[in-house]
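In this note's numbering, the protein residues as written are 1425 to 1801.
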């Protein structure tokens, strides 16, 4: 098994990194490089807007190089303990033209998964990572019934109820220290990010992704940490994105915010960072109103400033507090990590963690919870 994992790690490195210079001792594999240009012309690219079709688009798009099914959430137990979680399944294709399989074990699709639990009340952060191939049923994605899995880590359809084109989803993940078993049901319509689902990351044609979200999913279930079980409830966020080339050479990484406010609005904003640290003009976001209507947010409309930093054990400095303003909507928010060290020290190293939010929207005080992702540091 160890050898299989090592082989799959190597395959992912080959598919995502161009050379040894993309790896350093603190950052690990550069996620921004893995999202960069590829010389393989067999892959499809996101050149223009498309019509999304469900349930088909909940499944895999193997002609694109990179894809993910992403879930985060903030939950509270019956006794008031607070938790955050992330569960993401990544798919990486080795070629855009599937080859005939000569063995049940052969594969041109590699799957990777990241799982985290933040014990906010206990100030602890747990994370794990897995790799596998889609050969012989080890990992994969299917449409009917909906299922995405990597071995026994699973996102599966639960029953036949469908709301806003999304079935009720069960997420089941278990590691030595942490375990989750949740049911998720969307309470808001699908959100097509960017230009009707085409999210441009640069000026070069095809330097884009297809991207949609469910920004508020009612979540109920159980968390177990070191054998202790908590019955929890709260809300999750789901992102779906697939692409072949998503970042330009002058872009280093991104700071991504998914914020759920107690006035039943949500904000997504990502700031693409150039190599010199400045914000790229292709940074953008979206405001989701309480009734599900949306309004796109341009880079010029959002003022994001860092208010604090945290230094990792590898001496990399990460932002650890923000002020996010949207003057056109009279929104002014302070965003802070609930636990400072939420660094995934895995093959692709990045900070991703639960945050708390306080501020004003219009003339009203608001608060909330969310998730922030930091790459390229």
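From the three backbone atoms N, C-alpha and C, an ideal C-beta is built for every residue, glycine too.
As the structure is a prediction and not an experimental result, all values here were calculated from the model.
In DSSP terms, what residue i is bridged to
i: residue 1543; result: 1507 and 1548
i: residue 1538; result: 1512 and 1553
i: residue 1495; result: 1511 and 1662
i: residue 1562; result: BP columns for residue 1562 are empty, so no partner.
i: residue 1727; result: 1749
Among the options, nearest to residue i - alpha-carbon criterion
i: residue 1677; options: 1659, 1706, 1605 and 1651; result: 1706
i: residue 1506; options: 1592, 1488, 1477 and 1545; result: 1545
i: residue 1479; options: 1672, 1784 and 1664; result: 1664
i: residue 1751; options: 1494, 1524, 1723 and 1683; result: 1723
i: residue 1727; options: 1782, 1703, 1736 and 1733; result: 1703
i: residue 1589; options: 1650, 1710 and 1610; result: 1610
i: residue 1619; options: 1725, 1709, 1714 and 1521; result: 1709
Beta-carbon gap between residue i and residue j smaller than 8 Å
i: residue 1685; j: residue 1561; result: no
i: residue 1499; j: residue 1668; result: no
i: residue 1740; j: residue 1801; result: yes
i: residue 1625; j: residue 1633; result: yes
i: residue 1777; j: residue 1542; result: yes
i: residue 1638; j: residue 1604; result: no
i: residue 1508; j: residue 1661; result: no
i: residue 1471; j: residue 1636; result: no
i: residue 1679; j: residue 1767; result: no
i: residue 1570; j: residue 1581; result: yes
i: residue 1396; j: residue 1482; result: Missing from the structure shown is residue 1396; the chain here goes from 1425 to 1801 and no further.
i: residue 1537; j: residue 1514; result: yes
i: residue 1552; j: residue 1599; result: yes
Classification of residue i by the beta-carbon crowding that lies within 10 angstroms, buried from 16 upward
i: residue 1787; result: exposed
i: residue 1558; result: buried
i: residue 1631; result: buried
i: residue 1467; result: buried
i: residue 1779; result: buried
i: residue 1523; result: exposed
i: residue 1759; result: buried
i: residue 1733; result: exposed
i: residue 1503; result: exposed
i: residue 1491; result: buried
i: residue 1781; result: buried
i: residue 1699; result: exposed
i: residue 1712; result: buried
i: residue 1486; result: buried
i: residue 1556; result: buried
i: residue 1743; result: buried
3-residue-minimum beta strand (DSSP E) runs that sit fully inside the region 1610-1687, ordered along the chain: 1622-1624, 1632-1649, 1652-1669 and 1675-1685
3 or more residues per run - each beta strand (DSSP E) lying fully within the region 1758-1792: 1774-1785
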